[in-house]
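Protein chains: 2
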Amino acid sequence: MDRSSTLGVTQELAEFVASFEKGKLPSEVRHQVARSLVNWAGCAVGGSAHPALVKAMDAFKPFLGSGHASVLGRAERVDALHAALFNGISSHVLDFDDTHHATLVHPSGPVFSALLALSEFVPIDGDTFVTAIALGIEVECRIALGVCPAHYDIGWHVTGTVGGFGAATAVGYALKLNAQQMAWAYGIAATQAAGLREVFGTMCKSLHPGRAAQSGLSAALMAKQGFTSSERVLEAPRGFAHVMSVNPHLSDSLVDLGTRWVVMDNAFKPYACGLVIHPVIDGCISLHKKLGARTASIEKVHLRVNPLVLELTGKTEPRTGLEGKFSVYHSAAVVLIDGLSTSKHYTDTVVNRTDVVALRPKVSAEVDRSVAVDEAFLSITLNDGTTITQHVEHALGSLQKPMSDADINFKFLDLTAEKFSKEKSQQVLEQCWRVSQLANAGDLGAILRRE
Amino acid sequence: MDRSSTLGVTQELAEFVASFEKGKLPSEVRHQVARSLVNWAGCAVGGSAHPALVKAMDAFKPFLGSGHASVLGRAERVDALHAALFNGISSHVLDFDDTHHATLVHPSGPVFSALLALSEFVPIDGDTFVTAIALGIEVECRIALGVCPAHYDIGWHVTGTVGGFGAATAVGYALKLNAQQMAWAYGIAATQAAGLREVFGTMCKSLHPGRAAQSGLSAALMAKQGFTSSERVLEAPRGFAHVMSVNPHLSDSLVDLGTRWVVMDNAFKPYACGLVIHPVIDGCISLHKKLGARTASIEKVHLRVNPLVLELTGKTEPRTGLEGKFSVYHSAAVVLIDGLSTSKHYTDTVVNRTDVVALRPKVSAEVDRSVAVDEAFLSITLNDGTTITQHVEHALGSLQKPMSDADINFKFLDLTAEKFSKEKSQQVLEQCWRVSQLANAGDLGAILRRE
């Protein structure tokens, strides 16, 4: 396949999406989309009472349009553009959503938030819905592959920047955009692409997938009306890749388009914090078991980790739950004491708990480029001089050690426990798994609301 | 004043805005804000039937909120967030709005579009309105000064990227944000800042001030609810300036803040196309007068211009009105024939007019770094060998040769002629000039609608 020699990358992607026949989507890709849906919906319901969402909803309350679309886990119904924004926020605010490891994109937030909101207004059959999501994640992650890691290193939150392309793809496919309209949608999405890593640790981080969902949905809606844009926005000398990255390699990232599906590399997180902390948490769970009652006599804890761990989660003195998600020290301390990690371990209360605050300064971390991002070496010294070590080769949730469907169900039930009855959670789960067979995938919105 | 040694630039700007006493705004600044209002409102009404606006409104029609705010020049009333978007689009779509020459920012679109929309929902007295606009333009242009020209050279449309800071400032001042909330608003605006020059020549260009208005308005509304963000988003190592520019010089750009007002450098355009073409148009108007009936015997036209002219407006064969705005060749040809330049000279029809298309290829252009951006040297050779030259030292609308208030009124009446009756246009003009004295500046929205 050498389409890139005649078409630009933007048009190649647009042609691919516009001409894709949904029958050609492999069954394992369908299954992976369903896994992604369950994970995304659980995260959105779990984050639906978070102050970041509540404040955003309060800010926009006087300006909302008529209620075609659901805010997951809540009673409100709002216009689809704002539903996309709000569900994008709630699905990311716990830092518990999915990750494409190669690029650090969180693919589901922008894509599902946009398409589900639209499908409550324009019915979309389950088969088309699943195909549209697969295409959205595909385009989003492949564009990210073409500009990362430089793009992320510069300071861009790649979920915010490429998320709009994913959302535009999913919505554009469902709305049957032709290739030219799809290329325009990419132009419109690109010229709204934004999100700075500088705001990590504040409510703005979760704004990024929300805005990406809203911008991508907007882009597809506008392109369908004939709102024009560049038709080569990805690769042009002043286009997305060159302006927002260094030495991009977009063409390479399209190799095997349509035969290998990037969504298969989508990984789910068992723990509600930065992915790079996961191997440390796995190690601390194991060490907690080995320690038993001796947790109280820890003198020091030493971590040897990939450099990204301290770059992304190096906060030594977190004061809030949100900051706790960016502190490997907090995670290590609280998991060594409690022996497990749930979303409740990243609340203001737990971050300031006396025993956690006391153990935290005893944790030191050393970076080592030879340690993989899903790997960690831990060493604990007790007051009596005893040393206990632990090596985590691949963290749970990594591609080598993925969460099972049962793990994902467990996570969904945990995240929705405070919002839905057990019966309702089970019902919702069943509907999510059979998304491909639904006459209108938009019906999922209604059942994911809180009555 | 050495506040920057103790406060970061973000907080310095936030403190400045939050603590500004409106009585301290100089009268010449008030007058310049009124000039900017007349110019902005005229452009928005003039652009209100443009396909770019119509298509955007059609795309979002099912999702609009209740109608507190006016779409200028039209009958519709929509929610304030979308009014900000729509008026931002229409005010820029003719490429006829104001320009801060030092940075190429078009300051009014984001700022007026956001604040007028809000003031139709939350009444804002005229004095506060004018002060908020002055502060908005001040912050927007000073941030641009701190990152340009590198920011623009990289490929960012600076009006799209800094416009959100301006809109957030104006709205934040009117909503009485404290300094911390104002800093958050800058963080929220920064992490939504976007707009690529790659989309110039398409409908997306005018989307930029629209989205900037909407994003800035959103940012201030969210910050007021306590939606948190970075408090040093402008200057942080991974903040706006470092990620989106090279060697930024933010601190320098704050010198004389509060004593010298950048809005005084705001310039208005007499012609509905790229500013860099203006000296060529002035020259062609003069040459048309000199030529008289000899226009038909032009053999060749030679332009010697600043390099930016060909970089920004070098399209040799424009096919649409929009593309015509980016073709110095079209402008030279049509003005030599018609002897004047109005918004009607950038329609599909005129760009494809037989006499214009015939003269266009006879126009050649040479770039010369020693020629200023508001300067041009023109030379015409006739069939009989006669040569006629023209040197334009400063184009009309430059800081050295600004449009008078009467010029701006003439432009407003021209732009609104197809939408309003003469009487209505005169009434609206009067209300705009006395904006400072209005009990609610939001009343301007209603009178700028089309009945």
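Going down the list, the protein sequences come from chains Y and H. All residue numbers for the first sequence refer to the working numbering, where the first residue is 1 and numbers rise by one. All residue numbers for the second sequence refer to the working numbering, where the first residue is 1 and numbers rise by one. The C-beta atom is built at its ideal place from N, Cα and C for all residues, glycine as well.
Express the C-alpha separation of Y/Cys432 and Y/Gly226 in angstroms, rounding to a whole number.
In the first sequence, residue 226 of chain Y corresponds to position 226, counting from 1. In the first sequence, residue 432 of chain Y corresponds to position 432, counting from 1. A straight line joining the alpha-carbon of Y/Gly226 with that of Y/Cys432 spans about 34 Å.
On the CB-based measure, 16 or more other CB atoms within 10 Å of its CB, does H/Asp2 come out buried or exposed?
As a position in the second sequence, residue 2 of chain H is number 2, starting the count at 1. Below a pLDDT of 50, predicted positions are generally treated as unreliable, and H/Asp2, at 42, falls in that range; the measurement from the model is reported next regardless. Exposed, by the Cβ-count rule.
Would you mind listing the alpha helix (DSSP H) stretches within the segment 23-95 of chain Y that are 4+ residues and don't spill past its ends, in chain order?
27-46, 51-60 and 80-92
Closer than 8 Å by C-beta to H/His31: which residues in its own chain qualify, once you throw out the five before and the five after it? Chain order, please.
For the purposes of this step, residue 31 of chain H is identified with residue 31 of the second sequence, where counting begins at 1. No residues qualify anywhere along the chain.
Inter-residue Cα distance where the pair is Y/Ser4 and Y/Thr161:
Counted from its first residue, the first sequence places residue 4 of chain Y at position 4. Counted from its first residue, the first sequence places residue 161 of chain Y at position 161. In this prediction, Y/Ser4 scores a pLDDT of 43, lower than 50, which makes its location untrustworthy; no coordinate-derived value is stated.
Does the count of Cβ pairs from the segment 224-238 of chain Y and the segment 41-61 of chain H closer than 8 Å reach three?
yes
Going by C-alpha to C-alpha distance, which of H/Gly210, H/Gly239 and H/Gly324 sits closest to H/Ile188?
Mapped onto the second sequence, residue 188 of chain H falls at position 188. Among H/Gly210, H/Gly239 and H/Gly324, the Cα nearest to that of H/Ile188 is on H/Gly239.
Does H/Ile447 come within less than 9 Å of chain Y when only Cβ atoms are used?
Looking up residue 447 of chain H in the second sequence gives position 447. Chain Y contact via Cβ: absent.
Go through its chain and collect everything with a Cβ distance to H/Pro209's Cβ below 6 Å, but skip five positions before and after it.
Here residue 209 of chain H corresponds to residue number 209 of the second sequence, with the count starting at 1. Excluding residues within five positions, the ones whose Cβ falls inside 6 Å are Gly88, His92, Gly109, Pro110, Thr159 and Gly163.
Quick one: is Y/Asp452 buried, meaning 16 or more other Cβ sit within 10 Å of its Cβ, or exposed?
Given a span of 1 to 451 for chain Y in the structure shown, any question on residue 452 of chain Y remains unanswerable.
C-alpha gap between H/Ser436 and H/Pro107, whole angstroms
Taking the second sequence and counting its residues from 1, one reaches residue 436 of chain H at position 436. Taking the second sequence and counting its residues from 1, one reaches residue 107 of chain H at position 107. Between H/Ser436 and H/Pro107, the C-alpha separation is close to 19 Å.
So H/His208 contacts chain Y; which residues on that side make the cut at Cβ distance below 8 Å?
Your numbering for residue 208 of chain H matches position 208 in the second sequence. Near H/His208 (Cβ distances below 8 Å), the residues of chain Y are Thr191.
Environment of H/Val71 [buried if 16+ CB atoms lie within 10 Å]
Residue 71 of chain H sits at position 71 when you count from the first residue of the second sequence. It is buried - the Cβ of H/Val71 has at least 16 other Cβ atoms within 10 Å.
Distance CB(H/Tyr186)-CB(H/Ala14) smaller than 9 Å
Indexing the second sequence from 1 puts residue 186 of chain H at position 186. Indexing the second sequence from 1 puts residue 14 of chain H at position 14. H/Ala14 is positioned such that its CB atom lies closer than 9 Å to that of H/Tyr186.
Which term fits Y/Ala333, buried or exposed, when burial requires 16 or more other beta carbons within 10 angstroms of its beta carbon?
Start at 1 with the first residue of the first sequence, and residue 333 of chain Y comes out as number 333. Buried.
Is the beta carbon of H/Ser331 sitting closer than 9 Å to the one on H/Val392?
Counting from one through the second sequence, the residue named residue 331 of chain H turns up at place 331. Counting from one through the second sequence, the residue named residue 392 of chain H turns up at place 392. Not a contact, by the Cβ cut-off of 9 Å.
For chain H, is any of its Cβ atoms less than 9 Å away from the one on Y/Gly172?
Counted from its first residue, the first sequence places residue 172 of chain Y at position 172. Closer than 9 Å: no.
Can you pull the chain Y residues whose beta carbon is under 7 Å from the beta carbon of H/Met222, in chain order?
One-based indexing of the second sequence puts residue 222 of chain H at position 222. What H/Met222 touches in chain Y: Lys55, Ala56 and Ala59.
Could you give the first and the last residue of the continuous alpha helix (DSSP H) run that contains H/Gln214?
Numbered from its first residue, the second sequence carries residue 214 of chain H at position 214. Bounds of the alpha helix (DSSP H) holding H/Gln214 are Cys204 to Lys224.
With H/Leu415 and H/Gly42 assumed to form a contact (beta carbons below 8 Å), what rounded beta-carbon distance in angstroms separates them?
Within the second sequence, the letter at position 415 stands for residue 415 of chain H. Within the second sequence, the letter at position 42 stands for residue 42 of chain H. Confirmed, about 4 Å.
Jot down the residue ranges of each uninterrupted beta strand (DSSP E) in the segment 314-374 of chain H, minimum 3 residues, whole runs only, in chain order.
363-367
Hey, is H/Gly155's beta-carbon within less than 9 Å of any beta-carbon in chain Y?
As a first step, residue 155 of chain H must be located in the second sequence, where it is residue number 155. Taking Cβ atoms only, chain Y reaches closer than 9 Å to H/Gly155, which makes this a yes.
Less than 9 Å between the C-beta atoms of H/Ala179 and H/Ala213, yes or no?
Within the second sequence, numbered from 1, the residue matching residue 179 of chain H stands at position 179. Within the second sequence, numbered from 1, the residue matching residue 213 of chain H stands at position 213. Cβ distance not < 9 Å, so H/Ala179 and H/Ala213 don't count as in contact.
Take Y/His82 as the anchor and find which of Y/Gly65, Y/Val351, Y/Glu366 and Y/Asp348 has the nearest alpha-carbon.
Stepping through the first sequence from its first residue, residue 82 of chain Y is reached at position 82. Residue Y/Gly65 is the option with its Cα nearest to Y/His82.
Could you tell me which of H/Ile380, H/Glu198, H/Leu135 and H/Ala236 sits nearest to H/Thr259, measuring between CA atoms?
Counting from one through the second sequence, the residue named residue 259 of chain H turns up at place 259. Of the listed residues, the one whose Cα sits closest to H/Thr259 is H/Leu135.
Residue range of the unbroken beta strand (DSSP E) whose run includes H/His106:
Here residue 106 of chain H corresponds to residue number 106 of the second sequence, with the count starting at 1. Run containing H/His106: none; DSSP gives neither H nor E here.
Got a sec, what are the start and stop residues for the alpha helix (DSSP H) Y/His157 sits in?
Position 157 of the first sequence, counting from 1, holds the residue named residue 157 of chain Y. Per DSSP, Y/His157 lies in no alpha helix (DSSP H) and is assigned neither H nor E.
Candidates H/Glu12, H/Gly47, H/Gly321 and H/Ile337: which alpha carbon is nearest H/Phe200's?
Walking along the second sequence from the start, residue 200 of chain H turns up at place 200. Here the closest residue by C-alpha is H/Gly321.
Whole angstroms are fine: how far does the CA of Y/Ile133 sit from the CA of Y/Ala296?
For this step, residue 296 of chain Y is matched to residue 296 along the first sequence. For this step, residue 133 of chain Y is matched to residue 133 along the first sequence. Distance between Y/Ala296 and Y/Ile133, taken at the CA atoms: about 48 Å.
If the cut is a Cβ gap below 7 Å, which residues of chain A does Y/Gly195 touch?
Absent from the structure is chain A; the protein chains it does hold are Y and H.
Can you pull the chain Y neighbours of H/Arg238, defined as C-beta to C-beta under 7 Å?
For the purposes of this step, residue 238 of chain H is identified with residue 238 of the second sequence, where counting begins at 1. Under a criterion of Cβ atoms nearer than 7 Å, the residues of chain Y adjacent to H/Arg238 are, in order, Gly155, Leu196, Arg197 and Glu198.
Could you tell me which of H/Ala144, H/Ala117 and H/Gln427 sits nearest to H/Ser170, measuring between CA atoms?
Taking the second sequence and counting its residues from 1, the one referred to as residue 170 of chain H is at position 170. First, the amino acid is wrong: residue 170 of chain H is Ala here, not Ser. Nearest option by C-alpha distance: H/Ala117.
Name the chain H residues that come within less than 8 Å of Y/Cys204, Cβ to Cβ?
The sequence position of residue 204 of chain Y within the first sequence is 204, counting from 1. Those are Gly187, Ile188, Thr191, Phe227, Thr228, Ser229 and Ser230, listed as they occur along chain H.
H/Asn440 CB to nearest chain Y CB: under 9 Å?
Taking the first residue of the second sequence as position 1, residue 440 of chain H is located at position 440. Chain Y contact via Cβ: absent.
Can Y/Gly155 and H/His249 be called in contact, C-beta distance under 9 Å?
Here residue 155 of chain Y refers to the residue found at position 155 when the first sequence is read from its first residue. Here residue 249 of chain H refers to the residue found at position 249 when the second sequence is read from its first residue. Result no, Cβ atoms of Y/Gly155 and H/His249 do not sit closer than 9 Å.
Beta-carbon proximity of Y/Gly274 to Y/Asp407, cut-off 9 Å
Translated into positions along the first sequence, residue 274 of chain Y becomes position 274. Translated into positions along the first sequence, residue 407 of chain Y becomes position 407. Contact: no.
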